[in-house]
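Chains as they are written, first to last, in our numbering: chain A, 201 to 550; chain B, 201 to 550.
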């Protein structure tokens, strides 16, 4: 199974939880579950570019499935990167190990809009769809497709790489809102095209990562980011798959992000899930939110914190267990396996 | 004037605002107002170590007063650094330009507690008190003394420098809470001793910086940080000076931080001041919260955002205008001068 256009009592727990339906267990997956914390990943990946690995469907499918086999998680997140569409249309993006996405010629002027041509998924990123197909054929858990949200993608393009203060991004946003909104619209188009292609190939849900949007005030978000993110979710609405939306440090933005249209709002560890549920409102599920750093502690500590997350979720439907951000590379895989078992044993969603 | 043990209608606006009293204007100062954004600072400082400059009272006093003269701000914040007491007791801390505090031999084991001897202000940091005396004698605006809060100081000691994820800090906190609490208690003692000496020398208010505590969940903060921070404020209670408390990304912690005992809770730009006032409750003033990055935009944008902050503060007593974090080095001083004028002209606190 993988496509589930309508709700069905036989749906897997992950899809039921996304839709706020009761489940026989709390589903769990981990952001960055496929990656450097797994010895089998390091063995297979070697030292080549991550974008090259993503462009090889057999390898990417294998890396996607590694954590599914090892952990027994309830969903497979595609092994990919949010900058894949940007690299594919030739914007000039590399992913530098230990640093992140780096843009050789950053976006600085209105004329740079011309460098953002539309994505043609069949031509530009056919390997992504092929990876989704391979994964969906190999597993019976739902496959999550994903894309970067316009703000976070724009921040890489404008800054030229990861940034602490997002000085150039905020400056462009505030001094030339017309160019800014055009940039976000172009990036939204990329993400829509990429996500539609992933769903067409067999993804059962999609997550839009706005990892760094928590650097904005609610007013800035509402005026200068929300319209583009909302359009993405609107344009995916006909697909009938659950849509998830996540960023770090977004406590003040949760109700606005829920209003962007996703069924599920992801939450980092700073916001207790009971408070998060209140902010996103009754029409939305929440996803989260064990602190990834907790997973480096002895099991006794991890277990206590995992139980705290389950308790704060309230034992009610509409909770997808996850970390509050990606798995840290130094995490012991055995710890994550035990978290999965604990969530499956003790979580309730009735 | 500088010591104001009791409220008085003749008190300066900054002290009245801290106490929630009506003022004839909204007072304003800027975190890091003394520093690299000022050409007169760069001319005077040269390229030596900042800790050496801090240890020279005449120079430190001059650097403290530069922004008071240029901007007409309502308070002078001491030119110093939160690691000064740690360096003074010989823990081995340097401040590396462009990086921040670096600890040669980080805190890793319970035995490292022995490296934290009590601060004897008259012997260890006599230059700080002398700087306060020089500044207080030269200006009629209140002088703000400051110290680092236990969590943020501990994070530098444990990580060995600035950190994104605070992995080692959180690990120590969770795996050895006894050592952690002993560390925080020792750091609290340092801050109390340092702040009492600053007030004795003429500081009219004190700010406790817990810059990085926003990385914690409310539960972690309540159990593992709040007791030490609260003790600091309790032990300063007899001094009769306003106490301020600030951290970045602390939206979820504001009510707890208010409970630590400060009269004023500082807020970064992510939390609108009307929401912040609600969270800290009626017994506390708020300080903030213009995004420092906004100050790099054209004046029209800065003015609009400044007015937005004033509007969200509600025109009521109990607001100290500030940035939501420190002044960025690339800020044009003329912009800050105009912000001060605008706040003084348009802010109301009746």
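Even glycine gets a Cβ: it sits at the ideal position worked out from N, Cα and C. Since we're looking at a predicted model, the values are computed, not measured.
Give every residue of the same chain whose Cβ lies closer than 7 Å to the Cβ of residue i, excluding the five residues on either side of it in the sequence, and list them in chain order.
i	result
residue 305 (chain A)	292
residue 526 (chain A)	231, 232 and 492
residue 380 (chain A)	372, 373 and 424
residue 442 (chain A)	215, 218, 219, 405, 463 and 464
residue 207 (chain A)	Note that residue 207 (chain A) scores 48 on pLDDT, short of 50, meaning its location in the model is unreliable and no value can be drawn from it.
residue 300 (chain B)	361 and 362
residue 204 (chain A)	At residue 204 (chain A) the pLDDT is 41, less than 50, meaning the model places this residue with poor confidence; the figure from the coordinates comes in the next sentence. 211, 215 and 404, listed in sequence order.
residue 266 (chain A)	234, 238, 240 and 241
residue 202 (chain B)	Interpretation of residue 202 (chain B) is limited by its pLDDT of 39, a score under 50 that renders its predicted location unreliable; the figure taken from the coordinates is listed afterwards. Within the same chain, residue 202 (chain B) has close Cβ partners 336, 342, 343, 402 and 404.
What three-state label does DSSP hand residue i in the structure shown?
i	result
residue 519 (chain A)	strand
residue 431 (chain A)	helix
residue 441 (chain B)	coil
residue 334 (chain B)	helix
residue 540 (chain A)	helix
residue 459 (chain A)	helix
residue 358 (chain B)	helix
residue 594 (chain B)	There is no way to answer for residue 594 (chain B), as the model of chain B reaches only from 201 to 550.
residue 205 (chain A)	Confidence at residue 205 (chain A) is low in this model, with a pLDDT of 44, below 50, so the placement of that residue should be treated as unreliable; the coordinate-derived value is given next. Looking at residue 205 (chain A) - three-state DSSP - the assignment turns out to be coil, as it is neither helix nor strand.
residue 451 (chain A)	helix
residue 556 (chain B)	Coverage of chain B is limited to positions 201 through 550, which leaves residue 556 (chain B) absent and any answer about it impossible.
residue 214 (chain A)	helix
residue 349 (chain A)	coil
residue 497 (chain A)	coil
residue 220 (chain A)	coil
Are the C-beta of residue i and some C-beta of chain C separated by less than 7 Å?
i	result
residue 500 (chain B)	As a matter of chain content, chain C is missing from the structure shown, whose protein chains are A and B.
Just tell me which of the options has its CA closest to the CA of residue i.
i	options	result
residue 499 (chain B)	B:541, B:529 and B:240	B:541
residue 421 (chain A)	A:345, A:407 and A:447	A:447
residue 431 (chain A)	A:319, A:415 and A:408	A:408
residue 412 (chain B)	B:548, B:450 and B:444	B:450
residue 444 (chain A)	A:259, A:344, A:224 and A:327	A:344
residue 282 (chain B)	B:262, B:295, B:469 and B:290	B:295
residue 481 (chain B)	B:453, B:229 and B:504	B:453
residue 472 (chain A)	B:330, B:350 and B:419	B:419
residue 496 (chain B)	B:528, B:507, B:508 and B:515	B:528
residue 417 (chain A)	B:505, B:520, B:543 and B:254	B:505
residue 456 (chain B)	B:436, B:467, B:479 and B:243	B:479
residue 257 (chain B)	B:312, B:544, B:280 and B:330	B:330
residue 535 (chain B)	B:313, B:501 and B:459	B:501
residue 308 (chain A)	A:466, A:262, A:376 and A:328	A:376
residue 272 (chain A)	A:356, A:509, A:228 and A:333	A:228
residue 436 (chain B)	B:399, B:415, B:339 and B:426	B:399
To which residues of the same chain is residue i closer than 8 Å at the C-beta, ignoring the five residues directly before and after it?
i	result
residue 222 (chain B)	216, 517, 549 and 550
residue 390 (chain B)	285, 286, 289, 316, 318, 319, 347 and 353
residue 474 (chain B)	512, 513 and 514
residue 434 (chain B)	461
residue 552 (chain A)	The structure shown has nothing for residue 552 (chain A), since chain A only spans 201 to 550.
Apart from the five residues just before and just after residue i, which ones in its own chain have a Cβ nearer than 6 Å to its Cβ?
i	result
residue 368 (chain B)	358 and 359
residue 277 (chain A)	344
residue 212 (chain A)	342
residue 370 (chain B)	none
residue 469 (chain A)	489, 491 and 524
residue 350 (chain B)	384, 387, 388 and 428
residue 484 (chain A)	458 and 465
Q.
Extract the residue ranges of the beta strand (DSSP E) inside the stretch 371-426 of chain A, only unbroken runs of 3 or more that lie entirely within it.
A. Fully enclosed beta strand (DSSP E) runs of 3 or longer: 405-409.
Q.
As an exercise, report each continuous alpha helix (DSSP H) stretch of at least 4 residues that is fully enclosed by the stretch 226-314 of chain B, in chain order.
A. Within the stretch 226-314 of chain B, the complete alpha helix (DSSP H) runs of at least 4 residues fall at 239-245, 250-254, 257-271 and 284-288.
Q: Mind checking the stretch 365-378 of chain A against chain B and listing, in chain order, the residues whose C-beta falls within less than 8 Å of any C-beta there?
A: Here the close residues are 365, 366, 367, 370, 371, 374 and 375.
(Q) Taking beta-carbon pairs under 9 Å, can you tell me which members of the stretch 411-432 of chain A lie near chain B? (A) Listed by position along the chain: 414, 415, 416, 417, 418, 419 and 420.
Q: Report the residues of the stretch 476-500 of chain A with a CB closer than 8 Å to any CB of chain B, ordered along the chain.
A: So the close ones are 491, 492, 493, 494, 496, 497 and 498.
Q: Enumerate, from N- to C-terminal direction, the unbroken alpha helix (DSSP H) stretches of 4 or more residues contained entirely within the stretch 465-493 of chain A.
A: Runs of the alpha helix (DSSP H) lying entirely within the stretch 465-493 of chain A, each at least 4 residues long, are 473-480 in chain order.
Q: Residues of the stretch 433-452 of chain B with a CB closer than 8 Å to any CB of chain A: list them in chain order, please.
A: 449, 451 and 452: these are the residues of the stretch 433-452 of chain B whose beta carbon lies less than 8 Å from some beta carbon of chain A, given in chain order.
**Q.** Selection of the stretch 514-534 of chain A by Cβ proximity to chain B, strictly under 9 Å
**A.** Residues 524, 525, 528 and 530.
**Q.** Interface residues of the stretch 315-345 of chain B facing chain A [CB-CB below 8 Å]
**A.** If the cut-off is 8 Å between Cβ atoms, the stretch 315-345 of chain B has nothing near chain A.
Q. Which of the residues in the stretch 462-475 of chain A, read from start to end, lie with their CB under 8 Å from any CB of chain B?
A. Listed in chain order, the positions of the stretch 462-475 of chain A with a beta carbon within less than 8 Å of a beta carbon of chain B are 469, 470, 471, 472 and 475.
Q. Can you list, in chain order, the residues of the stretch 255-278 of chain A whose Cβ is nearer than 9 Å to any Cβ on chain B?
A. Within the stretch 255-278 of chain A, no residue has a Cβ that lies closer than 9 Å to any Cβ of chain B.
Q) Quick one, which residues of the stretch 224-249 of chain A are near chain B if we go by CB-CB under 7 Å, in chain order? A) Taking 7 Å as the Cβ-Cβ cut-off against chain B, none of the residues of the stretch 224-249 of chain A qualify.
Q) If contact means a Cβ-Cβ distance below 8 Å, which residues of the stretch 301-312 of chain A contact chain B? A) Per Cβ criterion, the list is empty.
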